[in-house]
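For any residue, its number in this note's numbering is found by taking its place in the sequence shown, counting from 1, and adding 32. Where a beta carbon is used, it is the ideal one built from N, C-alpha and C, also for glycine. Heads up, the thing below is written out as structure tokens.
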Amino acid sequence: MTHPTDLFAAARLGPLTLPNRLVMAPLTRNRAAPDGTPGALMAAYYAQRASAGLIVAEAATPNAEGQTYPNITAIHTPAHVTGWRRVTDAVREAGGGPMFLQLQHGGRVGHPATSGLTPVAPSPVPLPGTIFTPDGHQPTVVPRELTVAQIRSTVADFARAARNALDAGFAGVEVHSANGHLLHQFLARGTNHRTDAYGGPVTRRIRFVVEVVRAVAAEIGADRVGVRVSPGSTVNGIEEGDTEAIHRTLTEALAPLDLAYLHLVRADPEEPLFHRIRAAWPGPLIANPVLPETFTAQDVHRAAARLLDSGADLIALGRPFLANPDLVERLRLGAPLNQVRDRYMMYVGGATGYTDYPALGDLPGQPSSDSIVAFDGPRVP
Numbered sequence: 033m034t035h036p037t038d039l040f041a042a043a044r045l046g047p048l049t050l051p052n053r054l055v056m057a058p059l060t061r062n063r064a065a066p067d068g069t070p071g072a073l074m075a076a077y078y079a080q081r082a083s084a085g086l087i088v089a090e091a092a093t094p095n096a097e098g099q100t101y102p103n104i105t106a107i108h109t110p111a112h113v114t115g116w117r118r119v120t121d122a123v124r125e126a127g128g129g130p131m132f133l134q135l136q137h138g139g140r141v142g143h144p145a146t147s148g149l150t151p152v153a154p155s156p157v158p159l160p161g162t163i164f165t166p167d168g169h170q171p172t173v174v175p176r177e178l179t180v181a182q183i184r185s186t187v188a189d190f191a192r193a194a195r196n197a198l199d200a201g202f203a204g205v206e207v208h209s210a211n212g213h214l215l216h217q218f219l220a221r222g223t224n225h226r227t228d229a230y231g232g233p234v235t236r237r238i239r240f241v242v243e244v245v246r247a248v249a250a251e252i253g254a255d256r257v258g259v260r261v262s263p264g265s266t267v268n269g270i271e272e273g274d275t276e277a278i279h280r281t282l283t284e285a286l287a288p289l290d291l292a293y294l295h296l297v298r299a300d301p302e303e304p305l306f307h308r309i310r311a312a313w314p315g316p317l318i319a320n321p322v323l324p325e326t327f328t329a330q331d332v333h334r335a336a337a338r339l340l341d342s343g344a345d346l347i348a349l350g351r352p353f354l355a356n357p358d359l360v361e362r363l364r365l366g367a368p369l370n371q372v373r374d375r376y377m378m379y380v381g382g383a384t385g386y387t388d389y390p391a392l393g394d395l396p397g398q399p400s401s402d403s404i405v406a407f408d409g410p411r412v413p
């Protein structure tokens, strides 16, 4: 059985030693320059959260076609590398552990008003509804179906982006195959209507994801590559259709590659698929728990303990890290947690709702870390 202090024990991840088992999940915050280059504010944000055992930095696009929304990050030009180097340097100077960079291609989640390009996808199936652009919400456009030659070019873009990430000071990359973006679009029956080698049966729909992961691993080493999946997700209008078969087959295809980790979004140990993925995956498993809208340190401990007891190796947290720059210390002490104040401010740019969340003792009446006894709650069955 897991004890609360197990979250704060050192852990191994391939060649890396992590100071604790808490992972800052990738959180798109739209604070980059319009061309995708990170700036000083982003460096400050990540440095504030340097106590995470592993930081997976927010989604960065491997090419211009992959841009989703305004002011998201990228990693396909020298300026991007330089900007991200400021971030990784700032985290190191703050005493932080290793960082991975998530590589994300938006696929049909994009708009010409944002990128200047028609978005691409496995098939010409548009994103439902509207999408936010620099000119406000606009109707989505029908994406251009990728040719086989363009698929190969995109695979190469991912590999180059991974090399750029290491040049920018990251220890590795996370290939984003979740949440309705391009790789997930290839997996899902609702968005992949192809009849060639990349469509049809599940064994063909996983091909693009496997080719991207293999190319990235060949470029920087498999032990520096993680993959993120979101079984059953309907984010961005995705319809998988055969979730069990997709993720069982994909996990079995990736398992022999000796990757750094598999990252499971909204992991639920009550779901049979969680246990099937765990059984099929031989390496480290990062699990992102489902938390209530308003959460306490005890909520996080309970959710983490259930996942660790069910076979997860590391626990990824999103909103708790967003609102608590000193989350690791707060959880260690069982201290009160800041809540996300305004979801609108998550994505609008500037310091408000970004770098202005207080640490313990920063506000009048808020306890300091010296005044709180370390949390030692009950073991969770």
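| query | Roughly how many angstroms lie between the CA atoms of P4 and Q134, to the nearest whole one? | reply | Outside the displayed range of the chain (33 to 413) lies residue 4, so it cannot be described from this structure.
| message | Is it the case that the stretch 358-367 contacts the stretch 35-55, given that we only count it when at least three CB pairs across the two stretches are under 8 angstroms? | response | yes
| query | Exposed or buried, which one is V9 when buried takes at least 16 other CB atoms within 10 Å? | reply | Outside the modelled stretch of the chain, which goes from 33 to 413, sits residue 9, for which no answer is possible.
| request: Just confirm the distance between the C-beta atoms of N62 and I104, as a whole number of angstroms; I'd bet it's less than 8 angstroms. | output: The count along the sequence shown starts at 1 and reaches residue 62 at position 30. The count along the sequence shown starts at 1 and reaches residue 104 at position 72. With 8 angstroms as the limit, N62 and I104 qualify as a contact, their Cβ atoms being about 6 angstroms apart.
| query | Just checking, does the stretch 150-162 make contact with the stretch 190-201 on the three C-beta pairs under 8 angstroms criterion? | reply | no
| said: Considering Cα atoms alone, identify which of F240, T227, L359, D228 is closest to F218. | reply: Taking the sequence shown and counting its residues from 1, one reaches residue 218 at position 186. Minimum Cα distance to F218 is reached at F240.
| said: Is the separation between the beta-carbon of G350 and that of L294 shorter than 8 angstroms? | reply: Counting from one through the sequence shown, the residue named residue 350 turns up at place 318. Counting from one through the sequence shown, the residue named residue 294 turns up at place 262. No; because the gap between Cβ atoms is not below 8 angstroms, this pair is not in contact.
| field | CA-to-CA distance, A75 to G127, given in whole angstroms | value | Walking along the sequence shown from the start, residue 127 turns up at place 95. Walking along the sequence shown from the start, residue 75 turns up at place 43. Rounded to whole angstroms, G127 to A75 spans 14 angstroms at the Cα level.
| query | Measuring CA to CA, which of H143, A203, N356 is closest to G168? | reply | Taking the first residue of the sequence shown as position 1, residue 168 is located at position 136. Out of H143, A203, N356, H143 has the C-alpha closest to the C-alpha of G168.
| Got a sec? Which residues, its chain only, sit under 6 angstroms from P102 by beta carbon, not counting five neighbours each side? | As a position in the sequence shown, residue 102 is number 70, starting the count at 1. Excluding positions up to five away in sequence, the list reads T146, P166.
| With 16 other Cβ atoms within 10 Å as the buried cut-off, status of T453 | Any property of residue 453 remains undetermined from this structure, which presents the chain solely from 33 to 413.
| message | Which residues does DSSP list as the beta-bridge partners of L282? | response | Within the sequence shown, numbered from 1, the residue matching residue 282 stands at position 250. L282 is not bridged to any residue.
| request: With distances taken Cα to Cα, identify the nearest neighbour of H307 among A200, Q170, H279. | output: Taking the first residue of the sequence shown as 1, we reach residue 307 at position 275. Residue H279 is the option with its Cα nearest to H307.
| Since Y78 contacts I87 with CB under 8 angstroms, what's their CB separation in whole angstroms? | Stepping through the sequence shown from its first residue, residue 78 is reached at position 46. Stepping through the sequence shown from its first residue, residue 87 is reached at position 55. Yes, they are in contact, since the Cβ atoms of Y78 and I87 sit about 6 angstroms apart, within 8 angstroms.
| field | Residue from E272, A210, S342 with nearest C-alpha to G222 | value | Within the sequence shown, the letter at position 190 stands for residue 222. Nearest C-alpha to G222: E272.
| First and last residue of the alpha helix (DSSP H) that includes P321? | Start at 1 with the first residue of the sequence shown, and residue 321 comes out as number 289. Careful: P321 lies outside any alpha helix (DSSP H), inside the beta strand (DSSP E) at 317-321.
| query | Touch check for the stretch 54-70 and the stretch 374-381: three-plus C-beta pairs under 8 angstroms? | reply | yes
| said: As an exercise, report each continuous alpha helix (DSSP H) stretch of at least 4 residues that is fully enclosed by the stretch 285-349, in chain order. | reply: 304-312, 329-341
| query | Given that a residue counts as buried once 16 or more other Cβ atoms are within 10 Å of its Cβ, and exposed if not, what is S209? | reply | Residue mapping note: residue 209 aligns to position 177 of the sequence shown, counting from 1. With 16 or more other Cβ atoms within 10 Å, it is buried.
| request: Check each candidate in P324, V205, P314, D274 and name the one with the smallest Cα separation from R298. | output: Residue numbering aside, residue 298 sits at position 266 when the sequence shown is read from its first letter. Considering only alpha carbons, the answer is P324.
| Three-way DSSP call (helix, strand, coil) for F132 in this model | Mapped onto the sequence shown, residue 132 falls at position 100. If DSSP states are grouped into helix, strand and coil, F132 belongs with the strands.
| Between D189 and the rest of its own chain, which residues show a CB-CB distance below 6 angstroms, the 5 nearest in sequence each way excluded? | Counting from one through the sequence shown, the residue named residue 189 turns up at place 157. Answer for D189: P94, N95, listed in chain order.
| message | Quick check on DSSP: helix, strand or coil for V119? | response | In the sequence shown, residue 119 corresponds to position 87, counting from 1. If DSSP states are grouped into helix, strand and coil, V119 belongs with the helices.
| How close, in whole Å, do the beta carbons of R256 and G46 come, if the pair is a contact with beta carbons under 8 angstroms? | As a first step, residue 256 must be located in the sequence shown, where it is residue number 224. As a first step, residue 46 must be located in the sequence shown, where it is residue number 14. With a Cβ gap of about 7 angstroms, R256 and G46 count as contacting.
| message | Distance check for T109 and Q99, CA to CA, integer angstroms please. | response | As a first step, residue 99 must be located in the sequence shown, where it is residue number 67. As a first step, residue 109 must be located in the sequence shown, where it is residue number 77. One C-alpha to the other measures close to 14 angstroms.
| field | Three-state secondary structure (DSSP) of I270 | value | As a first step, residue 270 must be located in the sequence shown, where it is residue number 238. Coil.
| query | Run through DSSP, which three-state label would P263 get? | reply | Within the sequence shown, residue 263 is the residue found at index 231, counting from 1. P263: coil per DSSP, three-state reduction.
| How about L354 and V372: are their beta carbons less than 8 angstroms apart? | By one-based count along the sequence shown, residue 354 stands at place 322. By one-based count along the sequence shown, residue 372 stands at place 340. Their beta carbons are under 8 angstroms apart, which means L354 touches V372 by this criterion.
| Taking the Cβ atom as the reference point for each residue, do T186 and H137 lie within a distance shorter than 8 angstroms? | As a first step, residue 186 is located in the sequence shown; it is residue number 154 there, counting from the start. As a first step, residue 137 is located in the sequence shown; it is residue number 105 there, counting from the start. Yes; because the gap between Cβ atoms is below 8 angstroms, this pair is in contact.
| task | For G204, count neighbouring C-beta atoms within 10 Å of its own C-beta (all shown protein chains included) and say buried if the count is 16 or more, exposed if not. | result | Within the sequence shown, residue 204 is the residue found at index 172, counting from 1. The residue is buried, with at least 16 neighbouring Cβ atoms inside 10 Å.
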